[in-house]
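Have a look at the structure below, then the notes.
Number of protein chains: 2
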Amino acid sequence: MSMSGSPQSYENLTPSALLSPAATKVQAAAIDLFYIKGFRSTTVKEIMSACDLTAPAFYNHYPTKDALLFDIAQTTHDLCDQYLYRGLGVATGPAGRVWELTRAIAEFHAVHAKRARVTSEDFRALPPGELERIRERRRAVRKMFEHVISEGFESGDFDPPEIGGLRCARLLATSVTNMAIRISEWYSPALGLDPQQIGLFHADLAVRMMQATPAEASDGR
Amino acid sequence: MSMSGSPQSYENLTPSALLSPAATKVQAAAIDLFYIKGFRSTTVKEIMSACDLTAPAFYNHYPTKDALLFDIAQTTHDLCDQYLYRGLGVATGPAGRVWELTRAIAEFHAVHAKRARVTSEDFRALPPGELERIRERRRAVRKMFEHVISEGFESGDFDPPEIGGLRCARLLATSVTNMAIRISEWYSPALGLDPQQIGLFHADLAVRMMQATPAEASDGR
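What follows is the structure, given as structure tokens:
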């Protein structure tokens, strides 16, 4: 399928491009600990000890452990958005856009599996204001998919399954993004598949879910 | 599409068909509390108080809170298996089997959303022996899908996306089951969609992911 052609690289999309060196180090140590022990069971002292820094040094960077979790979640969404925008930037046509967005979100959840999983599992522990801001960012991702899927309805490029006799861009967007979000639960380099392959595979699945024919999909690029 | 024809009913598949009245009541109260507060933060006293029973009465049913969680997870998988076996029992052909299995797992995760979500989020807190038994049951569900997808490869009915130049039944099974498992995170009757519609919609998506044409899919039933 011509859509699986020459994908651009996401290699320079790393947390260190978005954060100070100290914050990069603190976030990486915290993500490892939250992944193993959970956010609530991890202490500031353990995080700083894992960075070879003293516990008081933490407060030069973050006022509270909640603030660190919020920063981790924001950075996760900043990175994910960069993948999505880059994908959107190179795509044309509804099928091409669904393909590129799905490739981007799937590859992101394989490359940054641990960070994405910690964010998905722990963001509900945030205080109400911060919780709502992260929820809004998660909705915004779904809406980006919903928008390009609606485009494909209007252009006649897509013929997806209906629900209750209607086409539902929101439900299709939910299904595609949830399939991709779960990659962070099972992906490991030990599977012998690289994140780029995971991205291409899910992009092809998403286009099939929209019932865009390969010909239509190729036209879209 | 003829596959969305006259689906059988799952109405009598409820926890009370599998459990004593007391265990049904204790599980229901525990699921509500675990859903809101998490397994670790919920006490036996709170569970029993929610059932209008005394805390010591708990130990007539379960030796520990871990044993209750294990029983909840086992019951969840017993119910899910009944949906899956019933689906498999009425299906013929690889596309028909993928369609019925997906409909069954999707409908299950909408009907029993709270129970399924508590099981998915909390089973990792089980002691090692029980944890491994639940992991094995989760693998068995994926393998059921993997088996019918492999059948469709061999019969020539399916032409799914490849990964690294190969067709991978395991990865397709993972994608379909994960899409369905996530239904328990977002489904609510308030959406105005009933669980049966959710099941039919996802069944159609799964068949498209396998690139079984509607004609082949209909032949399969």
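Going down the list, the sequences are from chains F and R. Mind the numbering: the first sequence is residues 1 to 221 in this note's numbering, read in order. Mind the numbering: the second sequence is residues 1001 to 1221 in this note's numbering, read in order. Ideal Cβ positions, reconstructed from N, Cα and C, are used throughout, including at glycine. Bear in mind the structure is a predicted one, so any value in this text is a computation, not a measurement.
Problem set entry | G1087/R vs D1157/R beta-carbon contact at 8 Å | no
Exercise. Where does the unbroken alpha helix (DSSP H) through F58/F begin, and where does it stop?
Worked result: 55-58
Exercise. So what does L1166/R bridge to, in DSSP terms?
Worked result: I1163/R
Problem set entry | Which of helix, strand or coil DSSP assigns to T24/F | helix
For this session: Consult DSSP for T1076/R and reduce its assignment to one of helix, strand or coil.
Result: helix
Problem set entry | Y10/F and Y83/F closer than 8 Å at C-beta | yes
Exercise. When DSSP labels each residue in this structure, what does A106/F get in the three-state scheme?
Worked result: helix
For this session: Identify which residue in A206/F, F39/F, Y62/F, C51/F has its Cα closest to the Cα of H1202/R.
Result: A206/F
For this session: Output, in sequence order along the chain, the residues in the region 1150-1164 of chain R whose CB is closer than 7 Å to any CB in chain F.
Result: P1161, I1163, G1164
For this session: Please say whether L1068/R and S1062/R have beta carbons closer to each other than 8 Å?
Result: Per the sequence presented here, residue 1062/R reads as Tyr, with Ser not at that position. Yes, these two residues count as a Cβ contact at 8 Å.
Exercise. So what does DSSP say about M179/F, is it helix, strand or coil?
Worked result: helix
Exercise. Mind pulling the chain R residues with CB within less than 7 Å of W186/F?
Worked result: T1174
Exercise. Cβ of Q1211/R less than 8 Å from any chain F Cβ?
Worked result: yes
For this session: Any chance you could list the beta strand (DSSP E) runs of at least 3 consecutive residues sitting entirely within the region 28-53 of chain F, in chain order?
Result: none
For this session: Measuring only between beta-carbons, confirm whether L126/F sits less than 8 Å from chain R.
Result: no
For this session: Starting from T119/F, trace the alpha helix (DSSP H) both ways and give me its first and last residue.
Result: 113-122
For this session: Assign A1057/R to buried or exposed, taking buried as 16 or more other Cβ atoms, counted over all protein chains shown, within 10 Å of its Cβ.
Result: exposed
Problem set entry | Where T43/F falls, given that 16 or more other Cβ within 10 Å makes a residue buried | exposed
For this session: Would you please state the rounded distance, in angstroms, between the beta carbons of H1109/R and Y1187/R? I believe it to be under 8 Å.
Result: 7 Å
Problem set entry | Beta-carbon gap between P15/F and L79/F smaller than 8 Å | yes
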